[in-house]
Structure formats: structure tokens, C-alpha cells
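Below is one structure, written out as C-alpha cells, with a few remarks after it.
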């Protein structure tokens, strides 16, 4: 059902309702979560050991698609990028951290330096300049 609806939870719910009309209908977000888990880990298998730790093994194709979206639009937010790749935005943030990329842009700041080390207590000799 998730494969037929390609991550659309409401469409998956309609397909589920058509096939299993006598069953109680789950929330559409369940199908979205299942699709996201399949996309991120490629399995539904959860062991008891995994319940305490939230360590997810990402597929290389997922990592590549996230990095491609980020390189195409470097100024976009992680929340808009997660919708394009159909993963949680925390997965996008984790992928950035693993690849030593930053969520922010470096910018120049103004630094104040003393004109001479002997006049450290007189503030009239302080010179400010932009750092590069």
C-alpha cells in the first residue's frame, strides 16, 4: 500500500480501506511513518535492542539524494528539504553532521584589536576592523 501511494498517507489509507473494509481504519500518518522507515532503513525489522537507541542505518542512495537536494538549494531549510526527500528533518540534520556540513552560513564579524599592547587600559587606542 505504501508502495502504491508513494508516501501519500491518505492515498494509502484509501487503498487499505478498499482491501480491508471490515477492519478498523488506522490514522493516515501510520502509513507515512511506515513509508519513511522503509525509505530510511529499507526494512520494518525492529529488534528490542533498537527500541532504546534511535540509531538508523541509512542507505547510500538516501544519503546521496539528500546531499544532491542540499547542493541544488544551499539556502533552503532542512524542513523543506525533508519534504523533497520524504524523510524526517532530523535525518537531514544528522546527514549534514555526518558529512561535516553546517546548518548555518559563516559570516564576517568585526574584531577589535588594541593598537599597541602597552595601552591595554586606554580604550581610545582600540582599532576595529572587519575580519576575513
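Residue numbers (the numbering used here): 91 to 222. Glycine included, C-beta positions come from ideal geometry on N, C-alpha and C.
On the three-state DSSP scale, how would you describe residue i?
i, result
"residue 96", "coil"
"residue 165", "coil"
"residue 160", "helix"
"residue 149", "coil"
"residue 175", "helix"
"residue 140", "Caution is warranted here: a pLDDT of 49 is assigned to residue 140, below 50, making its placement in the model unreliable, and the coordinate value is therefore given only provisionally. In this structure, residue 140 counts as helix in the three-state DSSP scheme."
"residue 189", "coil"
"residue 170", "helix"
"residue 155", "helix"
Contact defined as beta carbons within less than 8 Å: I believe residue i pairs with residue j. What is the distance between those atoms, to the nearest angstrom?
i, j, result
"residue 152", "residue 177", "7 Å"
"residue 175", "residue 155", "5 Å"
"residue 121", "residue 102", "4 Å"
"residue 132", "residue 149", "6 Å"
"residue 119", "residue 99", "6 Å"
I'd like to know whether the C-beta of residue i is nearer than 9 Å to at least one C-beta of chain B.
i, result
"residue 163", "You won't find chain B in this structure, because it holds only one protein chain."
For the ligand ZN, is there a heavy atom less than 8 Å away from the beta-carbon of residue i?
i, result
"residue 113", "Among the components modelled here there is no ligand, and therefore nothing to report on the ligand ZN."
Subject >> At least 3 beta-carbon pairs within less than 8 Å: the segment 121 to 130 vs the segment 153 to 169 >> reply: no
Subject >> Minimum length 4: unbroken alpha helix (DSSP H) runs contained in the segment 94 to 129 >> reply: DSSP runs (the alpha helix (DSSP H)) wholly in the segment 94 to 129: 99 to 109.
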